[in-house]
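>
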Amino acid sequence: MRRLLLAGWLGVIAVAGGILLWIFAAPGWAAFAVLPVALLVWGWVMLGRNWRSWRYAERADDLLISRGVLWREETVVPYGRMQLVEVTSGPLERRFGLSSVQLHTAAAATDARIPGLLPEEAARLRDRLTELGEARSAGL
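So the sequence shown is numbered by this note's numbering: it starts at 10 and just counts up by one.
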C-alpha cells in the first residue's frame, strides 16, 4: 500500500515536472524529472526493508513490539497497563485488506501500534490483549 502511494505521487511529480520543465525552461532541463524516479527506486527498497522490520511477540506478562532498520526501537507494554486496544482500518488499508492495532496506556508517550495486519489477525490480537489486560489489571 505504501509503495503504491509512493509510486503514485512520485510518478505524478516526475511527469508533471518533466512536462513543465520542457515547456517553460528548455528540453534539456526536462532530464531533471529523472530525480523523482530515482527517489522512487530508493524509496521502494527502503519501504520493503521497513515493512520487514516490524515484529511483535505476545509474551507471558507483556507485549513486545519491535521496529526500525537503522534505529531499532522496541516497545514493551505490560498487559496490566493497557487501557484500550483498538483496531483501525482506513480506506486504503481496507482496499488492501489490512488493519492496524493501536494500544493505549496511561503514558502519553507510548507508541504501541502494529500496522499491516490482516483483519482476522488484528481482531484476534485485540481480543487476546483485552482478555489478558483484564486478567492482569484485576489486582489494581
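We put the CB at the ideal spot given by N, CA and C, even for glycine. Note that the coordinates shown come from a computational prediction; the quantities given were computed from them, not determined experimentally.
1) Classify residue 45: buried if its beta carbon has 16 or more other beta carbons within 10 angstroms, exposed otherwise.
2) What is the DSSP secondary structure of residue 56, counted as helix, strand or coil?
3) Which whole-angstrom value describes the C-beta separation of residue 73 and residue 83, a residue pair presumed to lie in contact below a C-beta threshold of 8 Å?
4) May I ask you to list the residues that DSSP assigns as paired with residue 97?
5) Name the two residues that bound the continuous alpha helix (DSSP H) containing residue 23.
6) Out of 139, 105 and 121, point me to the one whose CA is closest to residue 128's CA.
7) For the candidate residues 144, 63 and 89, whose alpha-carbon lies nearest to that of residue 110?
8) Which residues does DSSP list as the beta-bridge partners of residue 85?
9) Flag this pair as yes or no: are the beta carbons of residue 56 and residue 19 separated by less than 8 Å?
Taking the structure as given:
1) The residue you call residue 45 lines up with position 36 of the sequence shown. By the neighbour-count criterion, in which 16 or more other beta carbons inside 10 Å mark a residue as buried, residue 45 falls on the buried side.
2) As a position in the sequence shown, residue 56 is number 47, starting the count at 1. The answer is helix: DSSP assigns residue 56 an H, G or I state.
3) On the sequence shown, position 64 is the one that residue 73 refers to. On the sequence shown, position 74 is the one that residue 83 refers to. Sure, about 7 Å apart at Cβ, within 8 Å.
4) One-based indexing of the sequence shown puts residue 97 at position 88. Beta-bridge partners of residue 97 (DSSP): 109.
5) Your numbering for residue 23 matches position 14 in the sequence shown. Here the alpha helix (DSSP H) through residue 23 covers 11 to 33.
6) Translated into the one-based positions of the sequence shown, residue 128 becomes position 119. Taking only the C-alpha atoms, the option nearest residue 128 is 105.
7) Locating residue 110 in the sequence shown gives position 101, where the first residue counts as 1. The shortest Cα separation from residue 110 among 144, 63 and 89 belongs to 63.
8) Within the sequence shown, residue 85 is the residue found at index 76, counting from 1. Under the DSSP definition of a beta bridge, residue 85 partners with 73.
9) The residue labelled residue 56 in the question sits at position 47 within the sequence shown. The residue labelled residue 19 in the question sits at position 10 within the sequence shown. With a cutoff of 8 Å on beta-carbon distance, residue 56 and residue 19 are scored as not near each other.
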